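The sequence shown begins at 3 in our numbering and counts up one residue at a time. Everything on this sheet refers to the single structure shown next.
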Amino acid sequence: MGGTMDGTKQRRRGNTRQRIQDVALELFAEQGYEKTSLREIAERLEVTKAALYYHFKTKEEIIVSLFEDLTQPIEDLIEWGKRQPHTLETKQEIVRRYSEILTGAAPLFRFMQENQATVRELSIGEMFKNRMLGMRDIVIDPDADLVDQVRCISALFTMHAGMFVLKDLEGDPEEKRKAILEVATDLITQAHKGV
């Protein structure tokens with residue numbers, strides 16, 4: 003009996019944490035990271051600063067936690083990818099899943115692009131670079147031609163660019179995501195032919 007109670011409490015607490023993250027990200031986007039205070043985040047959430055403090059002591063903690071939560075699926079994907087055979091199907095599946103993960107993390111990546119100085123200070127940049135290297139390792143065949151390695155890296159860049167550069171293109175976001183995924187998949191498929 004006690005078990006179920008705990009579960010609900012855990013989940014509820016998790017939701018508060020998530021709400022704080024979402025609202026903080028909204029405020030950062032609206033008025034910039036530097037100009038946003040914890041007090042303003044608490045006000046918009048309609049909680050006391052103490053309640054906010056229970057979850058996060060600083061703005062940095064909020065951003066780092068967001069980064070860890072939203073890029074955890076990338077870690078999981080890298081781990082999964084390492085265990086798979088280097089087949090074309092695997093790579094296409096990696097690209098497909100990566101596309102979905104990036105869509106979920108889009109607000110965070112926007113933050114990172116708009117607050118590059120902050121990102122550098124917060125060691126998020128370093129963590130992000132490591133995850134990118136991990137992604138590279140699961141889509142590239144080390145013995146492939148340089149051109150095909152570039153194609154694989156370009157597939158990843160296409161998906162990243164898709165989040166920023168193509169924001170302003172006309173079209174439904176889901177349609178755009180599919181178009182970007184199609185181009186990334188083409189690149190991966192082409193690269194694989196050379197192996």
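Just so it is clear, CB atoms sit at the ideal spot from N, CA and C, and this is done for glycine as well. This structure is a prediction, so every number in the text was calculated from the model and none was measured.
Assumed close pair residue i, residue j - CB separation to whole angstroms, cut-off 8 Å
i: residue 124; j: residue 137; result: Contact flag wrong, Cβ pair sits at about 21 Å.
i: residue 25; j: residue 47; result: 5 Å
i: residue 83; j: residue 92; result: 7 Å
i: residue 76; j: residue 23; result: Between residue 23 and residue 76 the Cβ distance is about 17 Å, and since that is not below 8 Å, they are no contact.
i: residue 97; j: residue 186; result: 5 Å
Distance between residue j and residue i (C-alpha atoms, nearest Å)
i: residue 31; j: residue 131; result: 22 Å
i: residue 88; j: residue 143; result: 8 Å
i: residue 104; j: residue 161; result: 8 Å
i: residue 152; j: residue 85; result: 23 Å
i: residue 42; j: residue 59; result: 14 Å
i: residue 8; j: residue 18; result: Residue placement at residue 8 cannot be trusted, given a pLDDT of 48 that sits under 50; what the coordinates show is reported in the next sentence. Distance between the alpha carbons of residue 8 and residue 18 is about 16 Å.
i: residue 191; j: residue 28; result: 38 Å
i: residue 155; j: residue 45; result: 43 Å
i: residue 35; j: residue 117; result: 7 Å
i: residue 72; j: residue 53; result: 23 Å
i: residue 99; j: residue 179; result: 12 Å
i: residue 149; j: residue 167; result: 24 Å
i: residue 122; j: residue 68; result: 16 Å
i: residue 49; j: residue 37; result: 20 Å
Three-state secondary structure (DSSP) of residue i
i: residue 7; result: Reliability of the predicted coordinates at residue 7 is poor, the pLDDT of 49 falling under 50, and no value is obtained from them.
i: residue 73; result: helix
i: residue 175; result: helix
i: residue 28; result: helix
i: residue 180; result: helix
Endpoints, the alpha helix (DSSP H) within which residue i is located
i: residue 128; result: 126-141
i: residue 160; result: 148-166
i: residue 106; result: 90-116
i: residue 145; result: Run containing residue 145: none; DSSP gives neither H nor E here.
i: residue 51; result: 51-57
i: residue 42; result: 40-47
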